[in-house]
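Peer 1: Just dropping this structure here.
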Amino acid sequence: MAGGQWRFDVRNEPVGPEGWGKSPNSWPVEDWTLGDEAFVAAPFIDAPRSYSGDSLEVPVGTIDPEAQVWVRVVEDTPADRAVDAELSGFAPASGPVTVTGTQVVQVVAQDHGASSAVVSSRIARVNPAFSIEIQEPYANQYAAGGDRALIDGIRGEGEDFRTGDWQGYYGKDAVVTVDLGQVYWVKSMSVGVLQDVKSWIWAPEMVTCRTSVDGVAFASFGREAPSMDPQDYTPRTQRIGFKGNAQARFVQLELNHFNGAIIPEWHLGRFNPTWVFADEFGFDIEPVRK
Numbered sequence: 015m016a017g018g019q020w021r022f023d024v025r026n027e028p029v030g031p032e033g034w035g036k037s038p039n040s041w042p043v044e045d046w047t048l049g050d051e052a053f054v055a056a057p058f059i060d061a062p063r064s065y066s067g068d069s070l071e072v073p074v075g076t077i078d079p080e081a082q083v084w085v086r087v088v089e090d091t092p093a094d095r096a097v098d099a100e101l102s103g104f105a106p107a108s109g110p111v112t113v114t115g116t117q118v119v120q121v122v123a124q125d126h127g128a129s130s131a132v133v134s135s136r137i138a139r140v141n142p143a144f145s146i147e148i149q150e151p152y153a154n155q156y157a158a159g160g161d162r163a164l165i166d167g168i169r170g171e172g173e174d175f176r177t178g179d180w181q182g183y184y185g186k187d188a189v190v191t192v193d194l195g196q197v198y199w200v201k202s203m204s205v206g207v208l209q210d211v212k213s214w215i216w217a218p219e220m221v222t223c224r225t226s227v228d229g230v231a232f233a234s235f236g237r238e239a240p241s242m243d244p245q246d247y248t249p250r251t252q253r254i255g256f257k258g259n260a261q262a263r264f265v266q267l268e269l270n271h272f273n274g275a276i277i278p279e280w281h282l283g284r285f286n287p288t289w290v291f292a293d294e295f296g297f298d299i300e301p302v303r304k
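Below is the structure:
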């Protein structure tokens, strides 16, 4: 239940032999379809949210032995993820499907002409050659999986900072530098940020991305302030991104706290340090051709 009240009315005498809970007509049934022949159970996708390596075998299936599972693997774009009424691109599943790169697996089950809901799972490929250096430590209670959380390919979902997908920094600016292992062409950089003013979390005052060949001298790749109203108490997220074309082995993200990391006087938490939450630090790169 999403809040509200659940009220039980009871009495001080037991029900009769035909009362609710005693009559066989009110007992739970073993038929999980509840007699609805048009109902088809949703299929499952047995996969992690991220992996390293060239490819991943992903098992799919259903708990309904009579149903046929249909599956397709698509790129992680809104256009590719869209499913039409004809289920274009889906094929009967005869075993695990193969994912290469960051892709989306989609499955649907059919039985007696009826279809289940479409189930989707985004599976991110993480390059094990990438390493990350964090200048100021994140808060342990909001680690989102540890040091590599910002580059694990898993984007923070929803506006709830407590899901475990968002990494939190308390009172100090977040500065992270990723070593790509070799020089690439960097085509774009982006990061997701979260704001929940009631919980002392503000969007960064400024988001800055930089590139470097040697890890010492950094050049600006993009700089932008999020558009969220700092006095809006509705939890929100925003993705800040930049496009460009720079050669770099190192990419850097800096998130500057709102109001110098001090909660303003108009807020109940006045004068305490602020929080900043982020995920995922993404970048599109291409090899440098010699």
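Under the working numbering, residues 15 to 304 are what the sequence shown spells out, in order. A virtual CB, placed ideally from N, CA and C, is assigned to each residue, including glycine. This structure is a prediction, so every number in the text was calculated from the model and none was measured.
1) Would you call Leu-208 buried or exposed, if buried means 16 or more other Cβ atoms sit within 10 Å of its Cβ?
2) Under the DSSP definition of a beta bridge, which residues are partnered with Trp-289?
3) Any contact of the region 152-171 with the region 232-246, i.e. 3+ C-beta pairs under 8 Å?
4) By DSSP, does Asn-39 sit in helix, in strand, or in coil?
5) Pop quiz: Gln-305 and Trp-180 are said to be a contact at Cβ under 8 Å. What is the actual Cβ separation, rounded to whole angstroms?
6) I'd like the list of long-range same chain contacts for Pro-249, defined as Cβ closer than 6 Å, with 5 residues on each side in sequence excluded.
7) If you follow the alpha helix (DSSP H) that Arg-95 is part of, which residue opens it and which one closes it?
8) What is the DSSP secondary structure of Arg-136, reduced to helix, strand or coil?
9) Reducing DSSP to helix, strand and coil, say where Ile-277 ends up.
10) Who are the near neighbours of Asp-243 in its chain, counting only those whose CB is closer than 6 Å to its CB and skipping five residues on each side?
11) Starting from Gly-296, trace the beta strand (DSSP E) in both directions and tell me its first and last residue.
12) Is it buried or exposed for Leu-282, if we count other Cβ within 10 angstroms and need 16 for buried?
13) Determine the DSSP secondary structure at Ala-81, reduced to helix, strand or coil.
14) Can you give me the C-alpha to C-alpha distance between Arg-86 and Tyr-65, rounded to a whole angstrom?
15) Roughly how many angstroms separate the alpha carbons of Val-118 and Ile-254, rounded to a whole number?
16) Tell me the DSSP bridge mates of Ser-234?
17) Apply the 10 Å Cβ neighbour rule to Gly-30 and answer buried if 16 or more other Cβ atoms are within range, or exposed otherwise.
Peer 2: Straight from the coordinates:
1) Start at 1 with the first residue of the sequence shown, and residue 208 comes out as number 194. That one is buried.
2) Counting from 1 along the sequence shown, the entry for residue 289 is found at position 275. BP columns for Trp-289 point to Tyr-184 and Ile-215.
3) no
4) Looking up residue 39 in the sequence shown gives position 25. In the structure shown, Asn-39 sits in a helix (DSSP, three-state: H, G or I).
5) A query on residue 305 cannot be resolved here, the shown segment of the chain reaching from 15 to 304 and no further.
6) As a first step, residue 249 must be located in the sequence shown, where it is residue number 235. Contacts found: Glu-173 and Asp-210.
7) Mapped onto the sequence shown, residue 95 falls at position 81. Looking at the DSSP string, the run of the alpha helix (DSSP H) that includes Arg-95 is 92-95.
8) By 1-based counting over the sequence shown, the position of residue 136 is 122. Note: Arg-136 maps to strand in three-state DSSP.
9) Taking the first residue of the sequence shown as 1, we reach residue 277 at position 263. DSSP places Ile-277 in coil when its eight states are reduced to three.
10) In the sequence shown, the residue the question calls residue 243 occupies position 229. So the list is empty, once near-sequence residues are dropped.
11) Here residue 296 refers to the residue found at position 282 of the sequence shown. Per DSSP, Gly-296 belongs to the beta strand (DSSP E) from 296-301.
12) Position 268 of the sequence shown holds residue 282. With fewer than 16 Cβ atoms within 10 Å of its Cβ, Leu-282 is classed as exposed.
13) Taking the sequence shown and counting its residues from 1, one reaches residue 81 at position 67. It is coil, neither helix nor strand.
14) Within the sequence shown, numbered from 1, the residue matching residue 86 stands at position 72. Within the sequence shown, numbered from 1, the residue matching residue 65 stands at position 51. Each residue's Cα considered, the two are about 19 Å apart.
15) Locating residue 118 in the sequence shown gives position 104, counting from the first residue. Locating residue 254 in the sequence shown gives position 240, counting from the first residue. Cα to Cα, the separation comes out at about 23 Å.
16) As a working note, residue 234 is residue 220 in the sequence shown. BP columns for Ser-234 point to Arg-224.
17) Position 16 of the sequence shown, counted from the first residue, corresponds to residue 30. The residue in question, Gly-30, is exposed, as its Cβ has fewer than 16 Cβ neighbours within 10 Å.
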